[in-house]
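Undergrad: Residue 1257 in our numbering sits at position 491 of the sequence shown, with consecutive numbering throughout. Backbone N, C-alpha and C fix where the C-beta goes; we use that ideal spot for every residue, glycine too.
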Amino acid sequence: MTASQTARTARTGKPKLAFRPLPVPQVDVRGFWGDRAEAVATRTADILYDRCVEARMLEQIDPDRPSPGIVIPFHSPSPDEAASPGFTGSTVTTQMFWDSDLGKTIETAAYSLYRRKNPELENKIDAVIDMYGRLQQEDGYLSSWYQRIQPGKRWTNLRDCHELYCAGHLIEGAVAYYQATGKRKLLDIMCRYADHIASVLGPEPGKKKGYCGHEEIELALVKLARVTGEQKYMVLAKYFIDQRGQQPHYFDEEARARGADPKAYHFKTYEYSQSHIPVREQDKVVGHAVRAMYLYSGMADIATEYGDDTLRVALDRLWDDLTTKNLYITGGLGPSAHNEGFTSDYDLPNETAYAETCASVGLVFWASRMLGMGPNARYADMMERALYNGSISGLSLDGSLFFYENPLESRGKHNRWKWHRCPCCPPNVGRMVASIGSYFYSLADDALAVHLYGDSTARFDISGVPVTLTQASRYPWDGALEITVEPQAPVAFTLHLRVPGWSSGARLEINGEAVDLEELTSDGYAAIRRNWTKGDRVRLDLEMPIERLYANPEVRQDAGRVALSRGPLIYCVEATDNDTSLHRLTLPRTAGIEAHDEPDLLGGVVTLSATAQADAGDGWRDGLYRSEPPAKVETRLTAIPYFAWDNREPGEMLVWLRDG
């Protein structure tokens, strides 16, 4: 930063160049993402509410009904836990964070109501909000678990019991509902709760020095500060970031205070919750993948709002560790079901990949927040990869069924489900898709950045001048993009356009005149600075080559294999489109690969096809092994976008093909 920018940051706590996402009501989305958002608005939002009711969540939050008690049993102890009572694995249940599921459901409903009126759903959500209003205690405290199921234990186990995590998701739901409907009842409720939290936790004498075992509230408090203009919520978010992992370790002290042995911890190490060392010292992505993504998202928000380069340095180290050693090609992350997270570098199994939907959604959150510090395609390209592949694969095309895990290989038994014992993913992918417009654009004092492409309209003010910007395109199926800028009066600002790393060639025109794109491009964004007038048109043509992608040789599971991509999309083969068992297929390096527009397939997709080879199965009836290799036969290979798999009849699926 320049000296004047540094001085301004010191005065206001906000760097001049901070980019903040446009609120959802300022962006209309059509085309590919419009279809996804429409499915959420017409089906998913209602389904989420109904399934929360079926799970008995409303019984827990309604103070006018008897408490339902323990509906979902506590986790069964492992052998070492059974031998040592007090281990936390047997003192937690997914019922503890029902408030978070309701918070995300409210958020999904809010953004869906903005897109499509649904008075019946709105009335139901209003009734849920009324229940929370009646449940809230006089001091502002609000947790259905600790008020209705385990009263008297509040603020005694932040490590394991998701108390602040639930508060965070309810805050995000409150912000969304206020932005989308103008109703602030839940916002006021959650402001009271946030004020209560600040009275209990913090660096001041007499307060607990705690933070949540499952990060989330950090993101929520930043949103709350931005929507209310109350800096105290930003200060609290910064405290949670700064305090994490400091010594003496709060989780040790907390365990002793409740009479427990700090070592009697189900996950054995505080790496599980990224609280093993202070955040600015961290350089490895470790532990539970969703928690990690939420922490890094919160760190990025605080780095943006405070111009904190010490956080930025740590975030870039963590980003490099994730993207060069620990990330699936789909933008999925966290290979292990044991800790729902990371194992060791380059350990990326395909068939057993955990790759939780929430983790890819969390990567979208993190990448989008890194863009708050300025346009940079290294983050935006990854946001796009996770968006189009690892996250929306978790939601069926019609918006009714879900994946929790997102493997890159299946023998046909991994299929979408209606609900889950731990139903975090359905409302998480639902709220992300419903709010997709806020990921397209971000606004600074005198600049607008376009991070994602697709049919959409954005409305914003720059220098006091209202501006409408409209994108027209068939993206992600076609790379031709036309942007029309309509300011109410001429206004100067910089328009930053992302040039994706996957595009082998790009051309830029402004009002029909070719522009030297390379001269304008920095960090993967073309910066167009001009005095914009009504009707100015920008055309960006991105080449969309079909690419063969190969993994680092350290990834043993992908040795000798190849994956296919086109534009932002990763492709897979499904049994329903191919005549042979998928593991028998080999894609020769000499094979030409063609793209085909298929408007009537899977809601309209572009498929890839090639002439491949398959191992013949004849001659093997006499045994498992022989001295002659199988014969090769020619076959046609068809691949579809990974996000669309398992939307037809169940069957095998494969991302990584044998390379020939």
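What number of angstroms, rounded off, separates the C-alpha of K883 from the C-alpha of R822?
TA: Between K883 and R822, the C-alpha separation is close to 26 Å.
Undergrad: Which term fits H710, buried or exposed, when burial requires 16 or more other beta carbons within 10 angstroms of its beta carbon?
TA: Beyond the ends of the chain as shown, which are 767 and 1426, falls residue 710; an answer cannot be given.
Undergrad: So, at 7 Å on beta carbons, what are the nonlocal neighbours of D1345 in its own chain, with the 5 sequence-adjacent residues on each side left out?
TA: Answer for D1345: T1401, listed in chain order.
Undergrad: Please state whether the Cβ-Cβ distance between Y977 and L936 is less than 8 Å.
TA: No, Cβ-Cβ distance for Y977 and L936 is not below 8 Å.
Undergrad: Since I1406 contacts S1166 with CB under 8 Å, what's their CB separation in whole angstroms?
TA: About 20 Å separates the two Cβ atoms, so there is no contact after all.
Undergrad: Sort A1376, P1311, E1320 and D1384 by Cα distance to V1339 and report the nearest one.
TA: Nearest C-alpha to V1339: A1376.
Undergrad: Any idea if R1010 is buried or exposed, counting beta-carbon neighbours within 10 angstroms, 16 or more meaning buried?
TA: By the 10 Å Cβ count, R1010 comes out buried.
Undergrad: Flag this pair as yes or no: are the beta carbons of V941 and L953 separated by less than 8 Å?
TA: Yes, the pair counts as a contact, with Cβ atoms nearer than the cut-off.
Undergrad: Can you find the residues in the same chain that come closer than 6 Å, C-beta to C-beta, to W1411, ignoring five residues on each side of it along the sequence?
TA: Only C1338, E1340 and M1419 meet the Cβ criterion.
Undergrad: Taking Cβ positions, are L1263 and S1208 nearer each other than 8 Å?
TA: No; because the gap between Cβ atoms is not below 8 Å, this pair is not in contact.
Undergrad: Report the option in I1068, Q1012, P969 and R900 whose CA atom is closest to the CA atom of A784.
TA: Measuring from the Cα of A784, the nearest candidate turns out to be I1068.
Undergrad: State the beta-bridge partners of N1297 as determined by DSSP.
TA: The partner list for N1297 (beta bridge, DSSP) reads A1258.
Undergrad: Given 8 Å as the limit, is there contact between the segment 1038 to 1047 and the segment 983 to 995, that is, 3 or more CB pairs closer than that?
TA: The segment 1038 to 1047 is not in contact with the segment 983 to 995.
Undergrad: Within 10 angstroms of the Cβ of L1390, are there 16 or more other Cβ atoms? Answer buried if so, exposed if not.
TA: Exposed: under 16 other Cβ atoms inside 10 Å.
Undergrad: Rounded C-beta distance between M1065 and L1077? I'm assuming under 8 Å.
TA: With a Cβ gap of about 5 Å, M1065 and L1077 count as contacting.
Undergrad: Helix, strand or coil, according to DSSP, for G1210 in the structure here?
TA: In the sequence on display, residue 1210 carries Ala and not Gly. Three-state DSSP puts A1210 in a strand.
Undergrad: Check whether the segment 1316 to 1327 and the segment 1291 to 1302 touch, using three or more Cβ-Cβ pairs below 8 Å as the test.
TA: Counting Cβ pairs under 8 Å, fewer than three are found: no touch.
Undergrad: Taking all protein chains shown into account, do 16 or more other C-beta atoms lie within 10 angstroms of the C-beta of K1029, making it buried, or fewer, making it exposed?
TA: It is exposed - the Cβ of K1029 has fewer than 16 other Cβ atoms within 10 Å.
Undergrad: Starting from T1373, follow the beta strand (DSSP E) in both directions and report where the run begins and ends.
TA: V1371 to D1381 is the span of the beta strand (DSSP E), which, as asked, contains T1373.
Undergrad: May I have the straight-line CA-CA distance separating I836 from N1413, to the nearest angstrom?
TA: Answer to the nearest angstrom: the Cα atoms are 35 Å apart.
Undergrad: For a quick check, are the C-beta atoms of H1054 and G968 less than 8 Å apart?
TA: Against a cut-off of 8 Å, the Cβ pair of G968 and H1054 comes out as no contact.
Undergrad: Just checking my contact of G1267 with A1143 at CB under 8 Å: how many whole Å lie between their CB atoms?
TA: At roughly 6 Å, the Cβ-Cβ gap stays under 8 Å, so G1267 and A1143 are in contact.
Undergrad: Specify the secondary structure class of A933 as computed by DSSP and reduced to three states.
TA: A933 falls in the helix class under three-state DSSP.
Undergrad: Need the endpoints of the beta strand (DSSP E) that C1338 sits in, please.
TA: Per DSSP, C1338 belongs to the beta strand (DSSP E) from L1335 to E1340.
Undergrad: Output needed for I872: all residues of its chain with C-beta closer than 8 Å, excluding positions within five of it in sequence on either side, in chain order.
TA: So the list reads I891, V894, I895, L936, G939, A940, A942, Y943 and L952, once near-sequence residues are dropped.
Undergrad: Rounded to the nearest angstrom, what separates D1244 and M1310 at their Cα positions?
TA: For D1244 and M1310, the distance between alpha carbons rounds to 7 Å.
Undergrad: Leaving out five residues before and five after C1190 in sequence, what residues of the same chain have Cβ atoms less than 6 Å from its Cβ?
TA: Taken in chain order, the residues that qualify are C1124.
Undergrad: Taking the Cβ atom as the reference point for each residue, do L1351 and E1360 lie within a distance shorter than 8 Å?
TA: No, the Cβ-Cβ distance between L1351 and E1360 is not below 8 Å.
Undergrad: Can you give the Cα-Cα distance for L1353 and A1329, rounded to whole angstroms?
TA: Their backbone Cα atoms lie some 10 Å apart in a straight line.
Undergrad: Please report how far the alpha carbon of A1103 lies from the alpha carbon of K1184, in whole angstroms.
TA: Between A1103 and K1184, the C-alpha separation is close to 20 Å.
Undergrad: What number of angstroms, rounded off, separates the C-alpha of R796 from the C-alpha of H1362?
TA: Answer to the nearest angstrom: the Cα atoms are 22 Å apart.
Undergrad: So what's T1223 in DSSP terms, helix, strand or just coil?
TA: T1223: strand per DSSP, three-state reduction.
Undergrad: Who are the near neighbours of V1371 in its chain, counting only those whose CB is closer than 8 Å to its CB and skipping five residues on each side?
TA: Excluding positions up to five away in sequence, the list reads W1243, E1364, I1406, P1407 and A1410.
Undergrad: Would E1071 and M1000 qualify as a contact pair, given that the criterion is a beta-carbon distance under 8 Å?
TA: Yes, the Cβ-Cβ distance between E1071 and M1000 is below 8 Å.
Undergrad: Assuming T1250 contacts D1212 under a Cβ cut-off of 8 Å, what Cβ separation, rounded to an integer in Å, is found between them?
TA: Contact doesn't hold; Cβ gap of about 20 Å is too wide.
Undergrad: Mind reading off the beta-carbon distance from A1146 to H1217? Whole number of angstroms is fine, and I expect it under 8 Å.
TA: Between H1217 and A1146 the Cβ distance is about 5 Å, and since that is below 8 Å, they are a contact.
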